[in-house]
Structures are given as structure tokens and as C-alpha cells.
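Some notes on the structure that comes next.
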Ligand SMILES: O=C(O)CCC(=O)C(=O)O
Ligand SMILES: [Fe+2]
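Residue numbers (the working numbering): 408 to 695.
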């Protein structure tokens, strides 16, 4: 762990060895104490590649044939792919939004977030059998450089409207999966270790940004957030960061010239007294 210094002592978690097999009891206790856990090399990289291939197919289908000239292999490492995606986002923000929305229900996203090793690890962290969990809110984020429309300020995942399957947050978690190298310069997710112990925060501000194509964001008072160390995990494809639903965290700032691609799944323990039964909904985003 390297301390990059700041009033709030931001620590970059990197340089950990890859681990294999089930989570150890130390890892499970670390998650219980800190509200997060970085697991190296758990995610099948081929499944990550399939998600990236899906994104490329959607850009070809809805963004234009010129995307077909950019090869599938190394798509996210190709500066041209990022230039073209950013140009589409600028010139056709609605189409970029459609691609963003459809990405969420691509079959490859479901496979990524329901792979065996991941479900087993989630089951270990939630103390349930992997067949006793729901998974939903599959999310593939595409965070543009210097974005102020869609980045998320300090929040708890338990608070999201219409997505809450756990009214308390203590029996659910988010698996946050980088689809590329994510580091402080392109927006490592920022975490407040131990903040999950406070439980669901009450005086929480949620607001819709007053900008076109902006999404809702959240705010938790500085007083609460600054009581904690801030940790920014540096991760590569194959890694996963588990976040308890009550953990306070926020998007990092992407100061690179590329879109940051990440994925998430949210897992809930159906045996929990806090579990809220619900169903997922298909909402058309084009041609209606
Ligand atoms: O990846 C990020 O920037 C954080 C996103 C996040 O916390 C969320 O989507 O709930
Ligand atoms: Fe979040």
C-alpha cells in the first residue's frame, strides 16, 4: 500500500499477489471489518473480454460502421477506439446513452456477474449458499474523462431508488469489476474503510443534476466522510473489489484521455430479514 498523501490520507491499494481458491477466513474478516475486499485474479478474463466485445458490437450497431474497423482484440487499449467513442458521446449523446443502457442487459454482462468463482465468493461474504442469493442491477459503467454528468459523489449503494433489495444494506454487496487497468488517474473508486458500521445514513442528499443527460447523484456530509481514511484500489482486468452496501464510496476522477470501463453486480441474501423481494423491469430506450 502506497500513501500518496492528502489531508484525507488517500491510500492506493496495489501490488498484492494474485490469490486462488475460496476466500480465506482472513479475507472474510477483513471484509467484515473494513466493508470492502480486493481479490486479485478471481474474474475470468475471457468473460471480461466478452463484455468488451459486446460493447464494441453495440458501438458498431448504433454508433456507426467505422467502429467495425477497430479490431476486437485490444479494443480498450486502442486510443482510436476511445477517440471514436468520445466523439460519438459528444456529437450523438442520445445514441451513446442508448448503447450505455443496452450494455446493461447484454448476456455477456450476466455471464460476467454470475460466474462460478464470483458467486462462491459472494456467498462466502454473505454467509449463504450461492443458490440463496439474488443478483441484479448489472451495471457496465463507461466513465468519460473529466465527466461531471454521471460520476457519483459519496454514497452508499443501499440507497438507490428502485434498486433496493435490502432495506438495511448489511446483507448485500456490490462486486465492482474493472474491465481494464483502473488506477487513480483514470478514476479508482474511492472507499471509506469501516464506514459500513455506521449503517444506513439518514441525512443523505440525493439530487438530479441540472444538466442534459445527467444522472442522479448523492451527497454525504464532509463531516462523516472525512472521519475516515480514503482508499483508492488500483486494479487490473481479472480483479474484483467487493463493497458492502453500506460502505461509503464515490467515483474517482478520470483525468486520463480514455473512457474508464467497469462492471458491477449487486448480490443479496434472500434469507436476510432485511431482504426486500422484487422483480426486474425492461424499459425500452429507443423507438417508442
Ligand atoms: O465506479 C465508480 O465510479 C463508482 C460507481 C458506484 O459506486 C456505483 O455505480 O454505485
Ligand atoms: Fe456505488
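Positions of the beta carbon are idealized from the N, C-alpha and C atoms, including for glycine.
* Asked: Going by Cα to Cα distance, which pick from 474, 453, 454, 455 is closest to residue 463?
  -> 474
* Under the criterion of a Cβ to heavy atom distance below 7 Å, does residue 562 qualify as lining ligand 2? -> yes
* According to the neighbour-count rule (16 or more other Cβ atoms, all chains shown, within 10 Å of its Cβ), is residue 689 buried or exposed? -> exposed
* Per DSSP, which one or two residues make a beta bridge with residue 543? -> 673
* For residue 594, collect the residues of the same chain with a Cβ closer than 7 Å to its Cβ; drop the 5 residues on either side in sequence, then sort them by chain order. => 550, 658, 659, 660, 661, 667
* For residue 634, the first and last residue of its enclosing alpha helix (DSSP H) -> No alpha helix (DSSP H) contains residue 634, which DSSP labels as neither H nor E.
* To do: Take the Cβ of residue 687 as the centre, count every other Cβ of all protein chains shown within 10 Å, and call the residue buried at 16 or more, exposed below.
  => exposed
* Asked: In the segment 474 to 562, which residue ranges form an unbroken alpha helix (DSSP H) of at least 4 residues, counting only runs that do not cross its ends?
  -> 486 to 498, 500 to 510, 514 to 520, 523 to 533
* Closer than 7 Å: residue 656 CB and nearest ligand 2 heavy atom -> yes
* Taking 7 Å as the cut-off, is the CB of residue 428 close to at least one heavy atom of ligand 1? -> no
* Rounded C-beta distance between residue 519 and residue 454? I'm assuming under 8 Å. -> The C-beta distance from residue 519 to residue 454 rounds to 5 Å, short enough to meet the 8 Å contact threshold.
* Asked: DSSP on residue 470, reduced to helix/strand/coil?
  -> Residue 470 falls in the helix class under three-state DSSP.
* When you compare each of 600, 480, 533 to residue 579 by their alpha carbons, which one comes out closest? -> It is 533 whose Cα lies nearest to the Cα of residue 579.
* Drop a sphere of 10 angstroms on the beta-carbon of residue 555, count the other beta-carbons inside from all chains shown, and report buried for 16 or more, exposed for fewer. => exposed
* Limits of the unbroken beta strand (DSSP E) element including residue 446 -> 443 to 446
* **Whole-Å CB distance - residue 465 paired with residue 506, under 8 Å assumed** => 5 Å
* Tell me the DSSP bridge mates of residue 661? -> 593
* Would you mind giving the Cβ-Cβ distance between residue 542 and residue 585, rounded to the nearest angstrom? I have them listed as a contact below 8 Å. => Rounded, the Cβ-Cβ distance is 18 Å, inconsistent with contact.
* Tell me whether residue 601 counts as near ligand 1, meaning its Cβ is closer than 7 Å to at least one heavy atom of that ligand. => no
* When the Cα atoms are used, what is the spatial distance from residue 703 to residue 467? -> A query on residue 703 cannot be resolved here, the shown segment of the chain reaching from 408 to 695 and no further.
* Asked: ligand 1 heavy atoms versus the CB of residue 596: any closer than 7 Å?
  -> yes
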